[in-house]
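Novice: Submitted below is the structure of interest, expressed as structure tokens.
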Ligand SMILES: C[S@@+](CC[C@H](N)C(=O)[O-])C[C@H]1O[C@@H](n2cnc3c(N)ncnc32)[C@H](O)[C@@H]1O
């Protein structure tokens, strides 16, 4: 099977982005060279559906980039929902803030600038939905830090759990860190999870 063709097919049979998010993708593409960091339609719609199905109301995202997944999730939250998103690169902040300000759901979003391991502890309370999508080397630390703050029945989605196959390569630092997290999740009796071969691998877990 041609993997690229089947991924295109999957995208073409998945709900499209809102017009504002299409604009955000266009602006990110015109201005930045790392557009492949943006998680894309399949992961975005998965996040959106999981939020709607679970009725999540308080979301934490680690790794904003230009705001694609933050805005996608905010569009899926209830009226009183809130989303905290962490980013440390000021190059991406401008586009993210511009689109949060343009969106009618932008008031639900709080963007925290700085290293996520330092900004997450400044947010009070617990979360019922978490999207982990930042520096791979720190994935195990994020898991240890955030899981105690995930509500019982809460959902965590982890992106890039295959890291282009580098999880199988013991020479890759990032691959090893992600593999370590994948093992932590597998061996953690407090969660149930599924690792999906969507794009670069996505784990969806639920805290029991
Ligand atoms: C894969 S991108 C996020 C993509 C975004 N979730 C989306 O779907 O459009 C990862 C982001 O994490 C940010 N990042 C990396 N290390 C970080 C850290 N220690 N603290 C906060 N943000 C970090 C990067 O600057 C980058 O914008």
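Numbering (the numbering used here), first residue to last: 36 to 243.
Backbone N, C-alpha and C fix where the C-beta goes; we use that ideal spot for every residue, glycine too.
Treat the numbers as computed from the prediction; the structure is a model and nothing was measured.
Of all the options 102, 61, 228 and 203, which has the alpha carbon lying nearest to the alpha carbon of residue 131?
Specialist: Here the closest residue by C-alpha is 102.
Novice: The alpha helix (DSSP H) spanning residue 64 covers which residue range?
Specialist: Per DSSP, residue 64 belongs to the alpha helix (DSSP H) from 54-66.
Novice: The beta strand (DSSP E) with residue 84 in it runs from where to where?
Specialist: Taken as a continuous stretch (DSSP letters only), residue 84 belongs to no beta strand (DSSP E), being part of the alpha helix (DSSP H) at 75-89.
Novice: Whose CA, out of 158, 137 and 138, lies closest to the CA of residue 147?
Specialist: That would be 158, whose Cα lies nearest to the Cα of residue 147.
Novice: Compare the C-alpha of residue 63 against each of 177, 141, 168 and 129 and name the closest.
Specialist: Cα-wise, what sits closest to residue 63 is 129.
Novice: State buried or exposed for residue 76, treating a residue as buried only when at least 16 other CB atoms are found within 10 Å of its CB.
Specialist: Per the 10 Å Cβ criterion, buried.
Novice: Nearest to residue 229 by alpha carbon, out of 96, 192 and 212?
Specialist: Of the listed residues, the one whose Cα sits closest to residue 229 is 192.
Novice: In whole angstroms, what is the alpha-carbon distance linking residue 187 and residue 240?
Specialist: About 11 angstroms.
Novice: Tell me, to the nearest whole angstrom, how far the beta carbon of residue 141 is from that of residue 162; I am working on the premise that it is less than 8 angstroms.
Specialist: That belief does not hold up - the Cβ atoms of residue 141 and residue 162 are roughly 19 angstroms apart, past 8 angstroms.
Novice: Does the distance from the CB of residue 137 to the CB of residue 152 come in under 8 angstroms?
Specialist: Against a cut-off of 8 angstroms, the Cβ pair of residue 152 and residue 137 comes out as no contact.
Novice: Run through the DSSP bridge pairs and tell me what residue 228 is partnered with.
Specialist: Per DSSP, 240.
Novice: Heavy atom of ligand 3 less than 7 angstroms from the Cβ of residue 50, yes or no?
Specialist: Ligand 3 is absent from the structure shown, which contains only ligand 1.
Novice: Go ahead and pull the three-state DSSP assignment for residue 114.
Specialist: Three-state result, residue 114: coil.
Novice: Going by the DSSP bridge assignment, what does residue 152 pair with across the sheet?
Specialist: According to DSSP, which records beta bridges pairwise, residue 152 is partnered with nothing at all.
Novice: Since residue 181 and residue 107 should fall inside the 8 angstroms C-beta cutoff, what is the C-beta to C-beta distance between them, to a whole number of angstroms?
Specialist: Contact doesn't hold; Cβ gap of about 20 angstroms is too wide.
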